[in-house]
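Some notes on the structure that comes next.
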């Protein structure tokens, strides 16, 4: 009984971790759906968003190091702090500007190119943004606090203890991440299904030529989609940044999103969520049951092996569209 | 010919009113690298008429339609629409001028239902903004309903009521063509461009499509420019015909005139070019 409850706790924790993976995977799906581009820079977008948010919150002067090095000044901070909500809104604004710049400077010039070319462009973008974020806000590890509750939830522990006699350890931040992710997905689905911009977005995702012929501007849709992806990256950046600090390894969480996408399918928003949850739970359970037999540390590779198995048996993922080419 | 050169328009034999010039193409030349797809072609499309562009394979017909709809930008020549010279425009801007089109190889949104596909035709007419759609649903909903009504009329008109909710990807070819026409009609275009609307259809489907094209022209007064291979169909449908061969215009006039034009006969029978 005790062990069963422990497994249940593991599953809970796995689900919460899965939500965090799903948050990153969502950004990929959005851009892939709308433009057929696998956006390698999604993880860096999250990092950049988190850096910008911390910077704005702390009143950091952008490019301070650069300015100091060039003019021999000693600038660091404006000397004010910005309230969390305002800082988040400002950062969202920065992400929209970034989307505009990406469309104008990169995507516009690559219209009609092969997907691999666009993919390479996003790799370039990822490295550029990483360096740009570094120059703009500095490379030191920062703590992010936007007022989200953290630490073990006493309510959850007391409640589960009362119910089962065994108190679950659940991080309050994880609970919040789950709530935020649910709201985000609901909003995204409502947007794409019930608004005219959403309908236009689905149209562009389906067929560029046809979309043009009914008067939809591809440029506008791309800017919109990248802005939304930037916003999703901001949410992911806030969650991950709060959890493990804002540092450059944050951009690597994008790699964890890859197996999530392979499981869920590159084109499905619900798929990103389900894929994230499966991987979150799967790696926890695998580590618990199989880990001890093979020396542990399975969490680093389990997701990728699972994705590989999926690639063999169901390459389109759980919810992806099966593409059948007529011969 | 005299009757047709009247700038104010004329009445056809079956009593339809043809107005003045809606679109005027002047000395259009289009090149792809070293290949000249269209060489110095001029013709006009009059309000209310059905104008056909015919010619053998590779004559440049689709290129011509793509120039009109803004998908290709000609190197030389001018495009005049409703008495104004059209500057260089992107295809979506041309669409917003009220020029709708269909494609030779069908470009529909396969993942969406028939209804949603046709609704996209009205996207640019919807005025309510995101905030209204998200928060204050009243105006947005009224607008959606109004557009929905128009779309339902078109669905009735083209007799596709029973497939309204079907995802387009599952439809047979002939019906897809009809849905594409419906989407173009949903935009209430001033000028409707049809690129081989009957290609790959059987006789019965062709008859249906011909009837729809005539009805659209008759009931909505929509000006139509179409490309078609089937000579019989073209002669029955159109008021005037442009004939292209190797990127050049070799004939222009009523179906009867074109039928008796020696250059046209040569092009279709394959007389050696000098």
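Protein chains in written order, with our numbering: chain Y, -7 to 319; chain C, 19 to 292. All residues carry an ideal CB built from backbone N, CA and C; glycine is no exception.
Open item on the list: If distances are taken between C-alpha atoms only, which option among Y:201, Y:221, Y:73 comes closest to residue 25 (chain Y)?
Closed with: Y:221
- [ ] Taking the CB atoms as reference points, tell me whether residue 309 (chain Y) and residue 274 (chain Y) lie closer together than 7 angstroms.
- [x] no
TODO: Decide if residue 62 (chain Y) is buried, meaning its Cβ has at least 16 other Cβ atoms within 10 Å, or exposed.
DONE: exposed
Open item on the list: Taking the alpha helix (DSSP H) that residue 289 (chain Y) belongs to, which residues open and close that run?
Closed with: Element bounds for residue 289 (chain Y): n/a, residue is neither H nor E.
- [ ] Any chance you could list the alpha helix (DSSP H) runs of at least 4 consecutive residues sitting entirely within the region 113 to 189 of chain C, in chain order?
- [x] 132 to 138, 148 to 152, 155 to 175
Task: Residues that DSSP places opposite residue 35 (chain C) in a beta bridge - done: C:29
- [ ] Check whether the region 114 to 125 of chain Y touches the region 217 to 233 of chain Y, counting contact only when three or more Cβ pairs, one atom from each stretch, lie closer than 8 angstroms.
- [x] no
Open item on the list: Strictly under 7 angstroms for the Cβ-Cβ distance: is residue 185 (chain Y) near chain C by that measure?
Closed with: no
Open item on the list: Tell me which residues of the region 191 to 218 of chain Y have at least one Cβ-Cβ distance to chain C shorter than 7 angstroms, keeping chain order.
Closed with: 191, 192, 194, 195, 198, 199, 201, 202, 204, 205, 206, 207, 208, 209
Task: Minimum C-alpha distance to residue 18 (chain Y) - residue among Y:37, Y:5, Y:4 - done: Y:37
- [ ] Express the C-alpha separation of residue 11 (chain Y) and residue 265 (chain Y) in angstroms, rounding to a whole number.
- [x] 7 angstroms
TODO: Using the DSSP secondary-structure output, state which residues sit across from residue 195 (chain C) in a beta bridge.
DONE: According to DSSP, residue 195 (chain C) bridges with nothing at all.
Open item on the list: Which same chain residues end up closer than 8 angstroms to residue 130 (chain Y) when comparing Cβ atoms and leaving out the 5 residues on each side of it in sequence?
Closed with: 52, 56, 57
TODO: Run the CB neighbour count on residue 97 (chain C), radius 10 Å, all protein chains shown included, and call it buried at 16 or more, exposed below.
DONE: buried
Open item on the list: Using beta carbons (cut-off 7 angstroms, strictly below), is residue 188 (chain Y) in contact with chain C?
Closed with: yes
Task: Contact under 7 angstroms by Cβ, residue 40 (chain C) with residue 240 (chain C) - done: no
Open item on the list: If contacts are defined as beta-carbon pairs under 8 angstroms, then residue 198 (chain Y) and residue 27 (chain C) qualify, I think. What distance do you get, rounded to the angstrom?
Closed with: Not confirmed; about 40 angstroms, so no contact.
- [ ] Taking only beta carbons into account, state which residues of the region 224 to 251 of chain C come closer than 8 angstroms to chain Y, listed in chain order.
- [x] none
Open item on the list: Using beta carbons (cut-off 7 angstroms, strictly below), is residue 114 (chain C) in contact with chain Y?
Closed with: yes
TODO: Count the CB pairs spanning the region 109 to 120 of chain C and the region 198 to 209 of chain Y that are closer than 8 angstroms, and state whether there are at least three.
DONE: yes
TODO: List the whole-angstrom C-beta distance separating residue 172 (chain Y) from residue 103 (chain Y), where the pair is believed to meet the contact cut-off of C-beta under 8 angstroms.
DONE: Contact doesn't hold; Cβ gap of about 34 angstroms is too wide.
TODO: Taking C-beta pairs closer than 8 angstroms, name the residues in chain Y that residue 6 (chain C) reaches, listed in chain order.
DONE: Residue 6 (chain C) cannot be examined here, being either before or after the span of chain C that is shown, 19 to 292.
Open item on the list: According to DSSP, is residue 257 (chain C) part of a helix, a strand, or is it coil?
Closed with: coil
- [ ] Just the C-alpha distance for residue 103 (chain C) and residue 44 (chain C), rounded to the nearest angstrom, thanks.
- [x] 10 angstroms
Open item on the list: Please state the DSSP three-state secondary structure of residue 214 (chain C).
Closed with: coil
- [ ] Kindly say whether residue 92 (chain C), judged by its beta-carbon, lies nearer than 7 angstroms to any beta-carbon of chain Y.
- [x] no
Task: Which listed residue (C:36, C:76, C:32) has its alpha carbon closest to that of residue 246 (chain C) - done: C:76
TODO: Would you give the residue range spanned by the beta strand (DSSP E) that residue 94 (chain C) belongs to?
DONE: 94 to 99
TODO: Report back the beta-carbon spacing between residue 83 (chain Y) and residue 45 (chain Y) to the nearest angstrom; my notes put them in contact at under 8 angstroms.
DONE: 4 angstroms
Open item on the list: Less than 7 angstroms between the C-beta atoms of residue 251 (chain C) and residue 276 (chain C), yes or no?
Closed with: no
- [ ] Check whether the region 276 to 285 of chain Y touches the region -4 to 8 of chain Y, counting contact only when three or more Cβ pairs, one atom from each stretch, lie closer than 8 angstroms.
- [x] yes
Task: the region 193 to 208 of chain C: positions lying closer than 9 angstroms to chain Y by Cβ - done: 198, 201, 202, 204, 205
Task: CB contact flag (residue 137 (chain C), residue 85 (chain C), <7 angstroms) - done: no
Task: residue 101 (chain Y) classed as buried or exposed, judged by whether at least 16 other C-beta atoms fall within 10 angstroms - done: exposed
Open item on the list: Helix, strand or coil for residue 186 (chain Y)? Go by DSSP, reduced to three states.
Closed with: helix
Task: Helix, strand or coil at residue 279 (chain C) [DSSP, three-state] - done: coil
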